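Read left to right, the sequence shown gives residues 151 to 336 (the numbering used here).
We put the CB at the ideal spot given by N, CA and C, even for glycine.
Here the structure is a predicted model, which is why all the values come from computation and not from measurement.
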Amino acid sequence: MSVGSCDRLTLELIAADGLQVAMSALRLVSSAARRAPRSFATGRRGYAEAADKIKLSLVLPHQAIFTSTEVVQVNLPAATGDMGILANHVPTIEPLRAGVVEVLEPGNAAKKWFVSGGFATVHPNNMLTINAVEAAPLEDFSAEAVRANLQEAQRVAGGNGSEEDKMEARVEADVYEAIQHALSAR
């Protein structure tokens, strides 16, 4: 027997041993799961019923806008794309980009808030926490003021100022563009 075939035989035995260990572990876990009391069994997810609500907390560093308020749905400007949160949503943490948080209350009343960014955390048991840096009701914005401030920010961003001033103006322009988009969509 050559050295190469000995190494191959050793590897085959190790692989077979590893497979046996994995299969034994799988059988043990499957057996334990079958014998587990129902209280430890994983719950099944389903679609939200019309009566299901989410407890929403929308907080800023200086103010709580909603505190465990029951709502029907929340639409978020997640960094990965817009998303709607209903009852029984899978737990997740999402970074938020500048945009509109739409809160649908019982009776189909909708409130829209512009947020500058932050995080949304969907907790188990139908709880949603939104931590935002700044937020304001969308109706508080004037389209004319936003347009004028956007033009000024773009002028500074493209001007001869310091790099720091240009970067701040670019961020400001991005936020004003998001507000302008939100206002045109309402």
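The beta strand (DSSP E) spanning residue i covers which residue range?
i      : result
Asn310 : Where Asn310 is concerned, there is no enclosing beta strand (DSSP E), given that its DSSP letter is neither H nor E.
Pro287 : Ala285 to Pro287
Since residue i contacts residue j with CB under 8 Å, what's their CB separation in whole angstroms?
i      : j      : result
Val265 : Val221 : Their Cβ separation, rounded to whole angstroms, is 16 Å, which puts Val265 and Val221 out of contact at 8 Å.
Val296 : Ile329 : 5 Å
Val250 : Pro227 : 6 Å
Lys203 : Ala237 : 6 Å
Met234 : Gln223 : The residue you asked about is not Met; residue 234 is Gly in the sequence shown. Going by Cβ atoms, the distance from Gly234 to Gln223 rounds to 6 Å, so yes, they are a contact pair.
Leaving out the 5 sequence neighbours to the left and right, which residues in its chain are closer than 7 Å to residue i when beta-carbon positions are compared?
i      : result
Asp324 : Ala248
Ala332 : Gly249, Val250, Phe264 and Leu288
List the DSSP bridge partners of residue i.
i      : result
Val221 : Ile204
Ala282 : Gly268
Take residue i and list the residues in its own chain whose beta-carbon comes closer than 8 Å to its own, dropping the five residues that flank it on each side.
i      : result
Lys261 : Glu252, Val253, Glu255 and Pro287
Asn138 : Residue 138 lies beyond the stretch modelled for the chain, which goes from 151 to 336, so this question has no answer here.
Report all residues from its chain with a CB closer than 6 Å to the CB of residue i; omit the five preceding and five following residues, and keep chain order.
i      : result
Met151 : Model confidence at Met151 stands at a pLDDT of 49, short of 50, so the residue's coordinates are unreliable and nothing is read from them.
Glu302 : none
Thr271 : Ile243 and Thr279
Asp290 : none
Ala319 : Ala303, Val306 and Ala307
Gly193 : Only weak support exists for where Gly193 lies, its pLDDT of 48 falling under 50; the coordinates are left without a value.
Is the closest heavy atom of the ligand GDP to the C-beta of residue i under 7 Å?
i      : result
Glu294 : No copy of the ligand GDP appears in this structure; indeed no ligand is present at all.
Taking 8 Å as the threshold (beta carbon to beta carbon), is residue i in contact with chain B?
i      : result
Arg305 : Absent from the structure: chain B. Only one protein chain is present.
Whole runs of the beta strand (DSSP E) within the segment 227-252, excluding any shorter than 3 residues: DSSP assignment within the segment 227-252 yields the following whole beta strand (DSSP E) runs of 3 residues or more, N-terminal first: 231-235 and 242-246.
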